[in-house]
Each structure stands twice: as C-alpha cells, then as structure tokens.
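Comments concern the structure below.
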Amino acid sequence: MQGLMQDWPLLTTRFLTHADINHPTREIVSMLPEKAEKLGQFRYTNADMAQRARQCGQALEKLGVKLGDRIGTLAWNSHRHVEIWYAASGVGGVTHTLNPRLFPEQLIYIMNHAEDKLLFLDITFVPLIEKLAEHLNSIEHFVIMVGADDMPETSLPNVLCYEDLLAGEDGSYEWPELDENAASGLCYTSGTTGNPKGVLYSHRSNYLHTMGALSGDTLGITSKTTILPVVPMFHANAWGIPYATAGSGAKLVLNGPHHEPDILHDLIIQEQVTVTAAVPTIWMGMLQYLESTGKDMGKLKVVTIGGAACPRSMIDTFQRKYGVRVNHAWGMTETSPLGTIGSENAYIENFSEEEKLDIQCKQGRSIIGAEICIKDDDGNIIPRDGETSGRLMIRGPWVAKTYFKQDEENMLDTEGWFDTGDVACIGPSGYMHITDRAKDVIKSGGEWISSIDLENAAVSHPNVTEAAVIGVYHPKWDERPMMAVTVADGASITTEEMHAHLTGQVAKWWLPDDVVIVDEIPHTATGKISKKDLREQFTEYKLPTY
Ligand code: ADP
Numbered sequence: 121m122q123g124l125m126q127d128w129p130l131l132t133t134r135f136l137t138h139a140d141i142n143h144p145t146r147e148i149v150s151m152l153p154e155k156a157e158k159l160g161q162f163r164y165t166n167a168d169m170a171q172r173a174r175q176c177g178q179a180l181e182k183l184g185v186k187l188g189d190r191i192g193t194l195a196w197n198s199h200r201h202v203e204i205w206y207a208a209s210g211v212g213g214v215t216h217t218l219n220p221r222l223f224p225e226q227l228i229y230i231m232n233h234a235e236d237k238l239l240f241l242d243i244t245f246v247p248l249i250e251k252l253a254e255h256l257n258s259i260e261h262f263v264i265m266v267g268a269d270d271m272p273e274t275s276l277p278n279v280l281c282y283e284d285l286l287a288g289e290d291g292s293y294e295w296p297e298l299d300e301n302a303a304s305g306l307c308y309t310s311g312t313t314g315n316p317k318g319v320l321y322s323h324r325s326n327y328l329h330t331m332g333a334l335s336g337d338t339l340g341i342t343s344k345t346t347i348l349p350v351v352p353m354f355h356a357n358a359w360g361i362p363y364a365t366a367g368s369g370a371k372l373v374l375n376g377p378h379h380e381p382d383i384l385h386d387l388i389i390q391e392q393v394t395v396t397a398a399v400p401t402i403w404m405g406m407l408q409y410l411e412s413t414g415k416d417m418g419k420l421k422v423v424t425i426g427g428a429a430c431p432r433s434m435i436d437t438f439q440r441k442y443g444v445r446v447n448h449a450w451g452m453t454e455t456s457p458l459g460t461i462g463s464e465n466a467y468i469e470n471f472s473e474e475e476k477l478d479i480q481c482k483q484g485r486s487i488i489g490a491e492i493c494i495k496d497d498d499g500n501i502i503p504r505d506g507e508t509s510g511r512l513m514i515r516g517p518w519v520a521k522t523y524f525k526q527d528e529e530n531m532l533d534t535e536g537w538f539d540t541g542d543v544a545c546i547g548p549s550g551y552m553h554i555t556d557r558a559k560d561v562i563k564s565g566g567e568w569i570s571s572i573d574l575e576n577a578a579v580s581h582p583n584v585t586e587a588a589v590i591g592v593y594h595p596k597w598d599e600r601p602m603m604a605v606t607v608a609d610g611a612s613i614t615t616e617e618m619h620a621h622l623t624g625q626v627a628k629w630w631l632p633d634d635v636v637i638v639d640e641i642p643h644t645a646t647g648k649i650s651k652k653d654l655r656e657q658f659t660e661y662k663l664p665t666y
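For the sequence shown, the working numbering begins at 121 and goes up steadily by one.
Below is the structure:
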C-alpha cells in the first residue's frame, strides 16, 4: 500500500522561495570581487536575492538554457554567485562550480568534459580564461559578473555583462516544477590521482542534504544565526551553507576573494558573525593573527572545521582561549559533502573538558540521512569497537552512486555502500575517527601508522606552524615516517626535540625517523596538505635510519 501524501518535488529553489516569503528582510552581505578596497561590500535582503535570481533565470532562458545544460561558474563566494547558483539549477540547468585553484589544464579538461554552455566568471578570472578560451569547446557566452561600469577590456569572444543581463528582465517568473531527481549541480573532485571526476548532485540530494545540515546538532544554524561560510562555493557547494541560510532565515555573509585573516576577522566583528566554516589551514592563519594582535572573536560562537583533520591544539585554543566551540566535520565532494559531525550534544554533556576534547578530535557521528560503517578488505563490516580500523563506507540519498559520464560504472558495493578511500574506526557511541586516507597510511613492518595523528600531535609544539608526514622507503620496515614541518619566525626544532614532544602522545614506534624543516608545505586546490606533491618533493630523499 502506498502512502497518500502529495508529490511535491524537492527542489533547490524551494529554499529561495521560503526565504523570500518567510525571511524577506534578512540580510545577505557580500564582499565584491571587483572592488579592491578592504570591506568594499554590497548588502541586500533575501527578497532582493530571490527577485534577482528570478531575473537571472529569465535571462538564462533567453540565452537558450535547456533542461540539463551545464552552466559553469568560476567565482568567489558573492551574492551574484549565489544568484546564478540558484537560477541555473532553478530553470532546469546544472550549476557547475569550478575551482579556480586547479591547474589550467585541469580547468580546460573539466569544462570540456562537463560541456559547459555558459561560463559565469568573476572579473578576477578574466585574464586566466582569456588564456584558456581557445581550448574551451562548448562555451557559447562568457558572462562577466560585474556591472557595466566595471566591465573590463577583454579578448574573450561573446562576452556579456551580468548586471546588463539582469537589467533586461523584470523577475516576474515562476520556477518550473522540475523532476526532483533532475541534476542540479556538478562539482569535480580535485583528482589527486587521474583526471578529475564529476559528482552530479540532484535537486533531491541537495534538498535532503540541506535538511540534514539544518538539523539541530549539525551546523548550529537557525534564523538567529549570522554565518560566514569561508569555505568556497566551488568546494562542495560551500558545504551546502547558502541553501541552509535560505532554508532557515540565517544571515549570510560572503567574503568574496578575501581569505586573509585580518579581512575575515574584520568581517566577523563588523557583521557580528556567530557561525563560520572552513578547512583547518584557514583557521591556522586566523589563530596566528589573533595571537599576534591580541584580538578576540567577537560574537563568534561556532566554527565548523572539516575537509582535513583538525588538530587537538586548534580545538583547544579556539574553545579555551576564544570561547568558540569547534564542530569537527568530515565529508567529501561525493557526499555533498556532509557525512559526520561532532557538535555539542547530549551524549557529551556531562563529559569533563578533557574527555570532550578527546572526542572532538574524532570526526563525529553520521548526521541524520547518512549511514557509515567500516569494512575490512574482504568487505565484512568491522565491529564498532573504537579500535579496529578499516575502510570507511557511507550510504544515503546525498552520496554519489557513480561519476558524471561514467553511468555504466557502479561504484557501490553489493549493499549500496560507497568506499570513501579513508581509513577509520567507529566507536560504540557512533563517533568515527579517521586515521588516514588509504593511500597516505604509513605501513611500517606490517603495522599502520596514522600520518594524521602524528601531524596533529606535532602542531601542538609551539615552534611548529604546520606538519605533514609521509611514508618513506626503509629497507627493514618497508616504510617509516618522515615529518616535514614549517616553523614560526625565527624558531627551529630538531628531530630529538620533536620526539620528546610526541612521546606520550603517540606510540614509540610511530616517532618519525626524521624531522625536516621546509619553507612551505604544499597544499591542494581545496586547501589540504598535498601528500602527492610532498612525496614528489622528497623522491630523492633518504632517511637517516636507512
Ligand atoms: P579533494 O580531494 O578534492 O579535497 P574532497 O573535499 O572531496 O576532495 O576531500 C574529501 C577527503 O577529505 C575525505 O575523503 C578525507 O580524506 C578528507 N577529509 C575531509 N574531512 C576530514 C576530516 N575532518 N578529517 C580528516 N580528513 C578529512
């Protein structure tokens, strides 16, 4: 027997309409990529955004956008980016957010593979796209996201001005009732191995992911929240935050091209930001800034940190010194991205501060709508004992089942689990702890050493600003850990000093065979430590214990 409830397709535009009707005066504040001055900002309301997104939708239809057409965006977090993001999928197209930090060849590959019909780009990226334009096979128009006064001279063909496009429309438009399973967004993973792979979100998957993001224990977003998603929209939809703000009536603050700690800090104070989110590297810079200036974090209450493991020292400093609660989250492009989160919750309510810190170093519990488990190499589920590690698997309505244009390849196992490529363990209370990416795990004498645990323990040393550990060939043990570190200005650290610091935090046989000070640790396009580049940097290197 079927239920007798309405078929009301779960569409991303529902969030925009909800915000327009229920929270029309709530603000959106955006820094403008075309304005150089520090807080050159634009400010409007949800009602304005909904109106302009409809105008944008009308313009897209006039440009011939049809169901399923891919619309590329190469843009920072800004109000215009959110408008086109809603409009492209709202009219039945697919919003394809591009990561400008990728190598030019990867950008060309991705745009051609996606067959983007239009490209909406910030003025910042005009010089980059001018160089690539002759290789882009499918783009009919390049839309520069500025007003007519700011339009640059450009060699790009078929150029349009964003504000002119919108000015030609009146916004009297109703979003079509699409199939909720229709594709709505496309995001390529950075492809640390092989070509980047496209994850194709649907309206339904984004809708359900947003409901998961809005559940009480997830990101801590309500209509009273002011949120600054420092995480870019091209990094897995800014973790879904612009949908969640419209769906809840939270105020949205967008930092445009600015990621410098002083500017982010000014924005947090000026807009009285209460919640924010980004990868650990951003917060590393912020904590250094706070340390050197003696400033505080104003009204900030929660920072969600994910995308890479968050060190204990970072969680501790944020909470103890600045009164900002850290939510440690795990996810990936293939999981929309939220999979697990460790937020303030009933389970840890009566824990001591130390116990809370211990559990916060883990990546949290699965959010409602997603299920996780750990499997061994034979595909058997490993018990949730908090110790035995294996491959982290996830399933749920916002987890990818295959990549774009690889429909014939089923990525899931027979029980519908997606193999994340991460190695983790899960405890009896559901808390998951990532030890490593499977390819980064260090295999020493048949046992595994977690590069993440070593890195996180190392950065609590006052002289160390960042640490990265890789496995290096060793004739007796197969692999042994080598630690590359960056140090604070004028500081230094020896291998012996690092051993002394790590002793008691990790097993003795985990201690790195060498600690090397480097000028910089390489990062990926999504701001994570790039082990691949580090390994390349150290191909000729031999351990002193060799
Ligand atoms: P990219 O590889 O392009 O950065 P993703 O953003 O999809 O793509 O990366 C997902 C991966 O990031 C996960 O599989 C995991 O290895 C890592 N990751 C994400 N969050 C965390 C976390 N909190 N702790 C440790 N690793 C994390």
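From the three backbone atoms N, C-alpha and C, an ideal C-beta is built for every residue, glycine too.
Taking the CB atoms as reference points, tell me whether residue i and residue j lie closer together than 8 Å.
| i | j | result |
| --- | --- | --- |
| Asn-465 | Asp-337 | yes |
| Asp-556 | Arg-600 | no |
| Ile-492 | Thr-460 | yes |
| Ile-613 | Val-635 | yes |
| Val-185 | Val-211 | yes |
| Thr-193 | Thr-217 | yes |
| Lys-521 | Leu-512 | no |
| His-255 | Leu-183 | no |
| Ile-228 | Leu-252 | yes |
| Arg-221 | Ala-645 | yes |
| Lys-495 | Met-552 | no |
| Val-393 | Ile-347 | yes |
| Ala-588 | Lys-651 | yes |
| Ser-368 | Trp-518 | no |
Please report the straight-line C-alpha distance between residue i and residue j, rounded to a whole angstrom.
| i | j | result |
| --- | --- | --- |
| Gly-541 | Asp-497 | 12 Å |
| Gln-657 | Ser-343 | 48 Å |
| Arg-146 | Phe-524 | 36 Å |
| His-621 | Thr-401 | 22 Å |
| Leu-248 | Pro-377 | 15 Å |
| Asp-436 | Thr-396 | 17 Å |
| Leu-334 | Leu-136 | 15 Å |
| Glu-473 | Phe-438 | 13 Å |
| Gly-427 | Ser-275 | 37 Å |
| Arg-445 | Lys-421 | 6 Å |
| Pro-352 | Pro-595 | 43 Å |
| Tyr-321 | Met-618 | 44 Å |
| Ala-558 | Ser-292 | 51 Å |
| Ser-111 | Ser-209 | What the structure shows of the chain is the stretch from 121 to 666, and residue 111 is not part of that stretch, so it cannot be assessed. |
| Asn-576 | Glu-535 | 34 Å |
| Ser-549 | Arg-655 | 36 Å |
| Gly-305 | Ala-358 | 12 Å |
| Cys-176 | Gly-213 | 12 Å |
| His-143 | Thr-455 | 29 Å |
Quick one: what's residue i bridged to in DSSP?
| i | result |
| --- | --- |
| Val-71 | Lying outside 121 to 666, the shown extent of the chain, residue 71 is not represented and no answer is given. |
| Phe-240 | Thr-193 and Val-263 |
| Phe-538 | Ile-514 and Leu-532 |
| Val-446 | Val-423 |
| Arg-557 | Asp-542 |
| Asp-598 | Ser-564 and His-594 |
| Leu-631 | Paired residue(s): none; Leu-631 is not in a bridge. |
Which residue comes first and which comes last in the beta strand (DSSP E) that contains residue i?
| i | result |
| --- | --- |
| Tyr-89 | Nothing in the structure corresponds to residue 89, since the chain is present only between 121 and 666. |
| Ala-173 | Per DSSP, Ala-173 belongs to no beta strand (DSSP E); it is in the alpha helix (DSSP H), 166–182. |
| Leu-374 | 371–374 |
| His-594 | 584–594 |
| Trp-403 | Here Trp-403 belongs to no beta strand (DSSP E); instead the alpha helix (DSSP H) covers 400–413. |
| Glu-567 | 567–569 |
| Glu-507 | Unbroken run through Glu-507: none, as it is neither H nor E. |
| Asp-634 | 634–637 |
Identify the continuous alpha helix (DSSP H) that holds residue i and give its terminal residues.
| i | result |
| --- | --- |
| Ala-620 | 615–622 |
| Val-227 | The sequence shown places Leu at residue 227, rather than the Val named in the question. Its alpha helix (DSSP H) spans residues 224–234. |
| Leu-252 | 246–252 |
| Glu-656 | 651–657 |
| Ala-366 | 361–368 |
| Gly-210 | 199–210 |
| Thr-139 | What sits at residue 139 in the sequence shown is Ala, not Thr. Counting along the chain, the alpha helix (DSSP H) containing Ala-139 begins and ends at 133–142. |
| Leu-458 | Note, Leu-458: premise wrong, no alpha helix (DSSP H); beta strand (DSSP E) at 458–462. |
Q.
Across the region 361–368 and the region 403–414, are there enough close Cβ pairs to call them in contact, namely three or more that are closer than 8 Å?
A. no
Do three or more CB pairs link the region 124–137 to the region 234–249 at distances below 8 Å? no
Open item on the list: Does the region 289–301 come into contact with the region 128–147, if we say contact requires no fewer than three beta-carbon pairs (one atom in each stretch) closer than 8 Å?
Closed with: yes
Practice problem: Count the CB pairs spanning the region 500–519 and the region 276–289 that are closer than 8 Å, and state whether there are at least three. | Solution: no
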